[in-house]
Amino acid sequence: MKRFFLLIPLSILISCSDSNPTNTDKVYFTTWEHYLGDPERTHFSNLNQIDTTNVSQLKLAWSYKSGGLQEGRTTQIQTSPLMVENVLYGVNAAIELFAINAKTGEEIWKFSPKTKDESGLGLNRGLNYWKSDGTVPSRIFFSSGPKLYAINIETGQPIDDFGDNGNTDLRDGLGRDPSKLSVVSNTPGAVFQNILIQGTRVGEGPGSSPGHIRAYDVLTGEILWIFHTIPQPGEFGYDTWPAEAYKKVGGANSWPGMALDNEEGIVYIPTGSAAFDWYGGDREGSNLFANSLLALNANTGERIWHFQMVHHDIWDRDLPAPPNLVDIVRDGQTIPAVAQVTKSGHVFVFNRITGEPLFPIEEKTYPNSTLLGEKAFETQPLPQKPAPFARQILTEEDLYAPDRTAFVDDLVTGNETDNAPTVLEKFKSITSQGQFVPMDTTGVILFPGADGGAEWGGAALDPRDGVMYVNANEMAWIIKMKEVGGNAEGSSMGQSLAQIHCARCHGGDLQGLNGIPELQNVKLRLEIDSIKTIIQKGRGAMPGMPNLSEEETNAITDFLMDIEKAKDHRVEKLKVDVPYSVASFARFKDDRGYPVVKPPWGTLNAIDLNTGEYLWTVPLGHEESLQDPNIPVSGLENYGGPVVTKGGVLFIAATKDEKIRAFHMKTGERLWEDQLPAGGYATPITYQVDGKQYVVISCGGGKMGTASGDEYRAYALE
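Counting from 1, position 1 in the sequence shown corresponds to residue 1 in the UniProt record's numbering; the numbering is continuous, with no gaps.
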């Protein structure tokens, strides 16, 4: 196995257990200095003080109230923190960076950026750390709103020599007017030597920003290289788009993070779908490098190889998590590999140097779209091994309670169930044919749903044996498109624009969706100027839309305020030529709020990547209100990933029942659990201070209807 410590000063090479690691061991540290544990994103720790024999004795060691809760607003903390030299660095619910004593939880400093409420999408998933040689300050790279900050690790203050007084604007350098772009970064990139390689999160509707990958000098903030994920003339992949697409199409961005092979100098970058993510009539072709795993030269940004997991994505099948780097054994030979999990529940495994698939991949034929102007790609790639870790098609036999009343977020509100169909009736009225069936105006079941399969928590990998541990959602969603603009009779400009830009998050009738507030009565809560400002700049979990013209912003505002009929906003003035918007984007549940699919609704899986075979699968979480003697453990929808350890214990929170759990890595047996003060929708970390191993989880809640929280919790043996 390779040892990735060539660039790390000897002063921090502290062995965790083995003073003389063998060729089958990796060197890991008592600290947790990288997002998800290491540059390879394995989520693995070499610590073994906590093991399968004593994990049941874990107790709360300390808790830290990080602050940032806001009355009347749902907040989240999805941060997987860092621990460097006995100091833990994390982010609170208000997107404030803090440093605390990793042994006691005592606060050392806190940094509150001015940009913390500027379209930051209300969350931060992690940080980057760069270790100095002593000539300049070591630093934490931290993103808030459109700004990337370099923070002095000792003082908690921006480093003046970096960018513009300690920050650089992520909207710069994309080849378009920065004032019209909405760009943030919720997930850290990768640090290679003195280079910070950074992805971004952009909008998913028409007119969104492009998602090009940029590399920054860690000392100055200068852009060193850029990789165009929407290729420009003369670049590889340009012919997979319409000729002018690079000027106006957005998306194809890397929002979930990336992995790094320090020894080879290769960075592995997963990308998301092009925008608009549910309709691609304006971007015919396969659309490289959207929905791709990119292997780039970390020094120069040059493409080494790529693989596109979804051609011409019209299903919002972003690659949702960083890939995992691991060496696997095949026919007695050790192969450097990279594994990428997907929302559709697949694992793609490649030789990470050459890009050669390590299991067969079939290009399967699928039907064309029925939407006007849309031309779905003829084929899609599916790996033949490992088998999917989430079910692939919802059938009538899979329905849990077919006679219950159907509850889709845009179908039934409150107690108005008298005219609602049953689950079976609703199921029969729409299309359910599995993966990659194009959306239509009647309704198509996306299964696994829009949040996976796999989600941003990603998978863990044990580098000692090549076993992957991945949690999955088993939730069916209903997606339905709606004609807007010139194709929709009786639509005003404001109504059409609201349908295009607002309905995807707020629901087909703007009735509110998945914890996102309704807009039908927003006029009773906000003044007209406040609505305009939020549309333009965003707030909390909502991205801004500076790409909209003043006329378009006014039209949406007037529609929401119910005053547009007095104004001349005809649909002919619609400036964005998009014939369809999302009318339904919702989980398919029954009237009790349970998923319509038979449990388990969430699982934890162990897959041997050497062979592609499953070692075990168990439900993850339990719906306590489910009184069904045939289902002792239901599994639950989950967000946040696992951590695995040399002690043979896997730790994961993630579930709606707001618990953290420990599982036996060899068997999947649940060994321990504890109730959290709020949902732990983040990936835990583990480290050691003064000979004691700690497990830390951020408890931010705020997802799936659960209450928000601000606490970080540390567990240890007494």
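Idealized CB from N, CA, C, for every residue including glycine.
Beta-bridge partners of residue i, as assigned by DSSP
i: I328; result: I335
i: D217; result: I195
i: K692; result: V689
i: I697; result: R713
i: E483; result: Y580
i: R139; result: W130, N152
i: H664; result: V649
i: I50; result: The partner list for I50 (beta bridge, DSSP) is empty, contrary to what the question assumes.
i: E613; result: D608
i: G251; result: P210, A274
i: V267; result: L260, L296
i: L371; result: For L371, which the question treats as bridged, DSSP gives no partner whatsoever.
i: G679; result: BP columns for G679 are empty, so no partner.
i: E238; result: Correcting the residue identity first, residue 238 is Tyr in this sequence and not Glu. Partner(s): none; Y238 has no beta bridge.
i: E362; result: L382
i: D462; result: V467
i: E673; result: R661
Own chain partners of residue i with C-beta closer than 6 Å, once the 5 adjacent residues on each side are dropped
i: P677; result: C699, G709, E711
i: P402; result: V423, L424
i: residue 757; result: Not covered by the structure: residue 757. The range shown for the chain is 1 to 718.
i: T683; result: S80, G457, G640, G641
i: residue 720; result: No answer is possible for residue 720: it lies beyond the span of the chain, which begins at 1 and ends at 718.
i: Y292; result: The question names Tyr, but residue 292 is Ser in the sequence shown. Taken in chain order, the residues that qualify are T271, H306, Q308.
i: I77; result: A93, S698, G700
i: I8; result: Unreliable placement is indicated for I8, whose pLDDT of 32 sits below 50; no coordinate value is reported for it.
i: R587; result: M475, W477
i: F447; result: L394, A476
i: E416; result: Confidence in E416 is poor, its pLDDT being 46 and thus under 50, which makes the residue's placement too unreliable to answer from.
Cβ neighbour criterion (16 or more within 10 Å) applied to residue i
i: Q675; result: exposed
i: Y580; result: buried
i: S549; result: exposed
i: A707; result: exposed
i: S209; result: buried
i: P629; result: exposed
i: R570; result: The predicted position of R570 is uncertain, since its pLDDT is 44 and thus under 50; a value taken from the coordinates is nonetheless stated next. Flag for R570 reads exposed.
i: Q384; result: exposed
i: G175; result: exposed
i: L372; result: exposed
i: N167; result: buried
i: S530; result: exposed
i: L524; result: exposed
i: R139; result: buried
i: A215; result: buried
i: K364; result: exposed
i: S625; result: exposed
i: N287; result: buried
i: I393; result: exposed
i: G702; result: buried
i: S132; result: exposed
i: Q340; result: buried
Close-in-space but distant-in-sequence residues of the same chain around residue i (CB under 8 Å, 5 per side omitted)
i: V649; result: I50, D51, T52, V55, A662, F663, H664, M665, L671
i: T617; result: F389, T603, L604, N605, A606, G668
i: A460; result: T42, H43, F44, N324, M468, Y469, V470, G641, P642, V643, V644, L650
i: W109; result: F98, A99, T155, G156
i: E527; result: none
Near the ligand NAP: residue i beta-carbon under 8 Å from a heavy atom
i: A387; result: Inclusion of the ligand NAP in the displayed structure is not the case, the ligand content being empty and no account of it being possible.
Sequence-distant residues of the same chain with beta carbon closer than 7 Å to residue i, five excluded per side
i: H61; result: The sequence given here places Ala at residue 61; His does not occur at that position. So the qualifying residues of the chain are Y694, A714, Y715, A716.
i: F559; result: S492, G494, Q495, A498
i: E572; result: The predicted model places E572 with a pLDDT of 46, which falls under 50 and marks its position as unreliable, so this point remains unresolved.
i: D169; result: P146, K147, P178
Looking at C-beta atoms only, is the number of pairs between the region 309–321 and the region 422–431 that lie closer than 8 Å three or more? no
Answer yes if the region 199–213 comes into contact with the region 227–238, meaning at least three C-beta pairs across the two stretches below 8 Å, and no otherwise. yes
Does the contact criterion of 3 or more C-beta pairs under 8 Å hold for the region 349–359 versus the region 300–308? yes
Are there three or more Cβ pairs, one per stretch, closer than 8 Å when the region 178–191 is compared with the region 155–165? no
Any contact of the region 330–342 with the region 374–381, i.e. 3+ C-beta pairs under 8 Å? no
Taking the runs of the beta strand (DSSP E) that are 3 residues or longer, which of them lie wholly in the region 63–117? 82–84, 87–91, 97–101, 107–111
Inside the UniProt domain "Cytochrome c" (489–564) only - alpha helix (DSSP H) runs reaching at least 4 residues: 493–501, 503–506, 528–537, 550–560
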